[in-house]
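Data block below; observations after.
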Amino acid sequence: MDEPILDCLIIGGGPAGLTAAIYLARFHLDILVVDGGKSRASWIPCTRNVSGFPDGINGEELLQRMRDQACKYGAKIETEFVTKLERDKETGHFTATWGSGEASARTVLLATGVTNRRPPMDEELHDDALARGLVRYCPICDGYEVTDKRVGVIGSDSHGVAEAVFIRSFTADVTLIAPDKAMRLGPEDRKKLKDAAIECVDGPTQAVATTGECIVVDTAEGHYTFDTIYPALGSDTHTQLAEMVGADLSGESCVKVDSHQRTNLAGVYAAGDVVIGLDQISHAMGEGGVAATTIRNDLSKERPLLRESPGQ
Ligand SMILES: Cc1cc2nc3c(=O)[nH]c(=O)nc-3n(C[C@H](O)[C@H](O)[C@H](O)COP(=O)(O)OP(=O)(O)OC[C@H]3O[C@@H](n4cnc5c(N)ncnc54)[C@H](O)[C@@H]3O)c2cc1C
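Take the sequence shown: its letters are residues 1 to 312, numbered as in the working numbering.
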């Protein structure tokens, strides 16, 4: 027997995809979340800027709570990585393929997120340092935690300068370190660093060890010890499936959406970090909620969503 067509296939089970799943399941729609299991939120030892958790919450625990909430209302979640997404020109339906499975749906929500580029360092050391707050990726999220500490920012361009200056509002001890070679900055960036009293160090750089509650970084100018390093090396946005079905990307290589999270392609929506915006849990959740409500309302234009009375 043919599998029924889903109302919505959500690709990505981070805060954006799972929030959408909670909304859509509670709209009594037939949905499936397919998630590769690599949410950036799962890296967070303890997030302290998500409303409602005054003592913070571990990222994986937050995700598990969201999965439980979505499943409670009938959402199904599969841990798989979607490798192909196609649109049938006649029906307008979408088919996603992964491993040995596939599913077809009237609409698709892309909530596939981004991946941060890591600094040059041993993987095990990186993961241990991340868990202990010696490596951090998001000063908007956790700059508060480095208040008055020694911070190294690994970056070399205007992005690195902006991150270093941002962190300067949390601590007076900020050093910008070039990742791979000598620091190359224009006069404007140099002035920003000088005005903020941020030291500049040439690369190549490698975080080599942790000692107690510190991290040691090897640079072209010798060893530096910090309480925390922030890599400011950019990120890669997971737009491959969007490109596969022909959804437009913005200039920043993110999926382009309107204010209701619709892409240019009817039936395809996007939310969270994969869309340009504030790469934060609250923002991803907000966009997930907006996307879900838009999907519900767009579906109701194709066929009225009228619930039968319980006896029928
Ligand atoms: C170390 C760190 C600390 C952070 N701390 C905070 C914080 O304190 N507060 C805060 O607000 N934000 C924080 N963030 C940012 C926050 O984690 C992200 O903004 C948030 O997770 C984005 O949610 P998302 O759903 O858009 O993407 P993600 O959470 O990244 O989820 C995307 C999901 O899509 C899946 N996926 C991708 N491609 C496919 C595919 N083809 N098939 C199936 N699945 C796919 C991935 O495996 C992943 O599970 C932090 C990030 C990092 C890295």
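In this text, a Cβ means the ideal position worked out from N, Cα and C, and glycines have one as well. Here the structure is a predicted model, which means the values were calculated and not measured.
Task: Local conformation of Ala196 per DSSP, three classes - done: Coil.
Open item on the list: Do Met66 and Ile5 count as a contact pair if the criterion is CB distance below 8 Å?
Closed with: Met66 is positioned such that its CB atom lies no closer than 8 Å to that of Ile5.
- [ ] Give every residue of the same chain whose Cβ lies closer than 6 Å to the Cβ of Val208, excluding the five residues on either side of it in the sequence, and list them in chain order.
- [x] Cβ-Cβ distances below 6 Å link Val208 to Val216 and Asp218 in the same chain, with the five nearest sequence neighbours on each side left out; the list follows chain order.
Open item on the list: Using only the alpha-carbon positions, how far apart do Thr225 and Cys214 sit?
Closed with: Spanning the two alpha carbons is a distance of roughly 6 Å.
Open item on the list: Give me the DSSP bridge partner(s) of Asp35.
Closed with: Its beta-bridge partners are Thr79.
Open item on the list: Is the beta carbon of Ala96 closer than 8 Å to that of Ile11?
Closed with: Yes. Within cutoff.
- [ ] Check whether the region 161-176 touches the region 195-209, taking contact to mean three or more Cβ pairs, one atom from each stretch, closer than 8 Å.
- [x] As far as the Cβ criterion goes, the region 161-176 touches the region 195-209, which means the pair count is three or higher.
Open item on the list: Output needed for Ala164: all residues of its chain with C-beta closer than 6 Å, excluding positions within five of it in sequence on either side, in chain order.
Closed with: If we look at Ala164 and ignore the five residues flanking it on each side, its Cβ neighbours are Val153, Val174, Leu176 and Ile198.
Open item on the list: For a test of your reading of the model: does the CB of Glu49 fall under 7 Å from any non-hydrogen atom of ligand 1? Yes or no.
Closed with: The identity of residue 49 in the sequence shown is Asn, whereas the question assumes Glu. Because some heavy atom of ligand 1 lies under 7 Å away, the Cβ of Asn49 counts as near it: yes.
TODO: Along the beta strand (DSSP E) that carries Phe53, what are the first and last residues, could you check?
DONE: It is not in any beta strand (DSSP E) - Phe53 carries neither H nor E in the DSSP assignment.
Task: Contacts around Gly59, its chain only, beta-carbon distance under 7 Å, and the 5 residues preceding and following it disregarded - done: Closer than 7 Å at the Cβ level, and outside the excluded window around Gly59, lie Ala41, Ser42, Trp43, Ile44 and Thr47.
Open item on the list: Going by DSSP in three states, Met1 sits in which element: helix, strand or coil?
Closed with: Bear in mind that the predicted position of Met1 carries a pLDDT of just 47, short of 50, making it unreliable; the figure below should be weighed with that in mind. Residue state, collapsed to three classes: coil.
Task: Pro139 vs Pro231 beta-carbon contact at 8 Å - done: Annotated as distal: Pro139 and Pro231, with beta-carbon spacing of 8 Å or more.
Open item on the list: In this structure, how does DSSP classify His283 when only helix, strand and coil are distinguished?
Closed with: Shown here, His283 sits in a helix according to DSSP, grouped into three states.
Open item on the list: I believe Leu24 touches Ala266 by the beta-carbon criterion, under 8 Å. Please report the beta-carbon distance rounded to the nearest angstrom.
Closed with: Actually they are not in contact, since the Cβ atoms of Leu24 and Ala266 sit about 18 Å apart, beyond 8 Å.
Task: Buried or exposed by the 16-neighbour rule on C-beta atoms within 10 Å, applied to His238 - done: Looking at its Cβ environment, which holds 16 or more other Cβ atoms inside 10 Å, His238 is buried.
Open item on the list: Which residue wins for smallest C-alpha separation from Glu90, given the options Arg106, Lys38 and Thr79?
Closed with: For Glu90, the nearest C-alpha among the options comes from Arg106.
TODO: Verify whether the separation of the beta carbon atoms of Lys181 and Val161 is less than 8 Å.
DONE: Contact: no.
Task: Spatially closest choice to Thr113 from Asp279, Gly186, Ser300 and Asp298, by CA coordinates - done: Correcting the residue type first, residue 113 is Gly in the shown sequence and not Thr. If we check each option's Cα against that of Gly113, Asp279 comes out closest.
TODO: Give the DSSP-derived three-state secondary structure of Phe170 in the structure shown.
DONE: DSSP places Phe170 in coil when its eight states are reduced to three.
- [ ] Just the C-alpha distance for Gly246 and Ile77, rounded to the nearest angstrom, thanks.
- [x] The straight-line gap from Cα to Cα measures roughly 26 Å.
- [ ] Return the first residue and the last residue of the alpha helix (DSSP H) that Pro15 is part of.
- [x] Start and end: Pro15 to Arg26.
Open item on the list: DSSP has His223 in a bridge; who is on the other side?
Closed with: Note: His223 is bridge-paired with Asp218 in the DSSP secondary-structure output.
Open item on the list: Do Ser158 and Ala178 count as a contact pair if the criterion is CB distance below 8 Å?
Closed with: In this structure, Ala178 lies away from Ser158, with their beta-carbon atoms at least 8 Å apart.
TODO: List the endpoints of the continuous alpha helix (DSSP H) containing Arg65.
DONE: In this chain, the alpha helix (DSSP H) harbouring Arg65 covers Gly59 to Lys72.
TODO: Tell me whether Ala178 sits in a helix, a strand or coil according to DSSP, three-state version.
DONE: In the structure shown, Ala178 sits in coil (DSSP, three-state: anything other than H, G, I, E or B).
Task: DSSP three-state assignment for Ser105, whether helix, strand or coil - done: It should be pointed out that residue 105 corresponds to Ala in this sequence rather than to Ser. In the structure shown, the three-state DSSP call for Ala105 is strand.
Task: Reduced DSSP category for Leu9 - H, G, I as helix; E, B as strand; rest coil - done: Leu9 falls in the strand class under three-state DSSP.
Open item on the list: Which of the three DSSP states is assigned to Tyr144 in this structure?
Closed with: Three-state result, Tyr144: helix.
Open item on the list: Quick check on Glu243: buried or exposed, where buried means 16 or more other Cβ atoms within 10 Å of its Cβ?
Closed with: Exposed, by the Cβ-count rule.
TODO: Please find out if some non-hydrogen atom of ligand 1 comes closer than 7 Å to the beta-carbon of Asp64.
DONE: The sequence shown places Gln at residue 64, not Asp. No; taking the cut-off as 7 Å, the Cβ of Gln64 has no heavy atom of ligand 1 nearer than that.
Open item on the list: Once DSSP output is grouped into helix, strand and coil, what is the label at Val257?
Closed with: DSSP places Val257 in coil when its eight states are reduced to three.
- [ ] Output the distance between the C-alpha atoms of Leu306 and Asp127, rounded to the nearest integer angstrom.
- [x] Roughly 49 Å separates the two Cα atoms.
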